[in-house]
Amino acid sequence: DTGVSQNPRHKITKRGQNVTFRCDPISEHNRLYWYRQTLGQGPEFLTYFQNEAQLEKSRLLSDRFSAERPKGSFSTLEIQRTEQGDSAMYLCASRRTSGGPNTGELFFGEGSRLTVL
Amino acid sequence: GEDVEQSLFLSVREGDSSVINCTYTDSSSTYLYWYKQEPGAGLQLLTYIFSNMDMKQDQRLTVLLNKKDKHLSLRIADTQTGDSAIYFCAESLSNDYKLSFGAGTTVTVRA
């Protein structure tokens, strides 16, 4: 079991640049979630996918943010025209909704830390 | 996470028990979770409890749920230095399992 994998782990960029993060969920997990965590706070929900379908987006996800999961496996989160306020840890999580035990478990990756200068 | 509240800090002596408390507001929560986060790392799922249970024990961890008061606690027995971390309480508001997190409790274990 390789767990949820995210990359890059760290990204430093200049304001106005675009960045993309990738998440590889645990295999056979059909649900994939993106969260954002700022310093001293708990994670906040951004969006989630059921297979390849994006089912919900939080109001936190501005027009500059886009997430995809084209084949229902890995997902990407792109931030266009980054701003200093986008600096945060971006966390990916996955879970299985059926077909096995412990479907309440939501597993997180190590996160991708973004610093916008 | 304004719907989930936790105390911010807890200091405990090595070998003692730690109790971390959490209150939540949504009575329709299905699952309630405890996650551990070490510096610079992601979230590690420690344990979770289904809302129709009132207690769950897993080795050194005991979770107590009081649905009437919307209060959740995590007890860590025989606290070790490796337990020093930030502990997050979270609730799952619906079958979508979009978690709402508290701000985290920083636990410091002193020798």
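Here the protein sequences come in this chain order: A and B.
Residues 68 to 184 in this note's numbering are what the first sequence lists, from first letter to last.
Residues 3 to 113 in this note's numbering are what the second sequence lists, from first letter to last.
Each residue gets a CB set at the ideal place from its N, CA and C atoms; glycine is no exception.
Boundaries (first-last residue) of the beta strand (DSSP E) holding K124(A): For K124(A), the enclosing beta strand (DSSP E) starts and ends at A120 to K124.
Simplified DSSP state of Y83(B), which is helix, strand or coil: First, the residue type needs correcting, since residue 83(B) is Thr and not Tyr in the sequence shown. In the three-state reduction of the DSSP assignment, T83(B) falls in the helix class.
Secondary structure of D56(B), DSSP reduced to three states: D56(B) carries a coil assignment under DSSP once its states are collapsed to helix, strand and coil.
Local Cβ density within 10 Å of F11(B), reported as buried at 16 or more and exposed below that: Exposed, because fewer than 16 other Cβ atoms sit within 10 Å of the Cβ of F11(B).
Interface flag, R98(A) vs chain B, CB-CB below 8 Å: So, interface residue.
Beta-carbon separation (whole angstroms), R180(A) vs R76(A), contact threshold 8 Å: So it is a contact: roughly 7 Å between Cβ atoms.
Segment limits, beta strand (DSSP E) that includes N85(A): First-last for N85(A): undefined, no H or E at that position.
Cβ of G3(B) within 8 Å of any chain A Cβ: Because G3(B) carries a pLDDT of 43, less than 50, the predicted location of this residue cannot be relied on, and the following value inherits that uncertainty. Chain A contact via Cβ: present.
For S94(A) and Y33(B), the rounded distance between their alpha carbons: If I take the Cα positions, the gap works out to 23 Å.
Local conformation of D91(A) per DSSP, three classes: Secondary structure at D91(A): strand, using DSSP grouped into helix, strand and coil.
Selection of the region 42-75 of chain B by Cβ proximity to chain A, strictly under 7 Å: Residues passing the 7 Å Cβ filter: A43, G44, L45, L47, Y50 and F52.
Identity of the residues DSSP links to Y35(B) by a beta bridge: Here Y35(B) is bridged, per DSSP, to Y50(B) and A92(B).
Residues sharing a beta bridge with K78(A), DSSP: According to DSSP, K78(A) bridges with L181(A).
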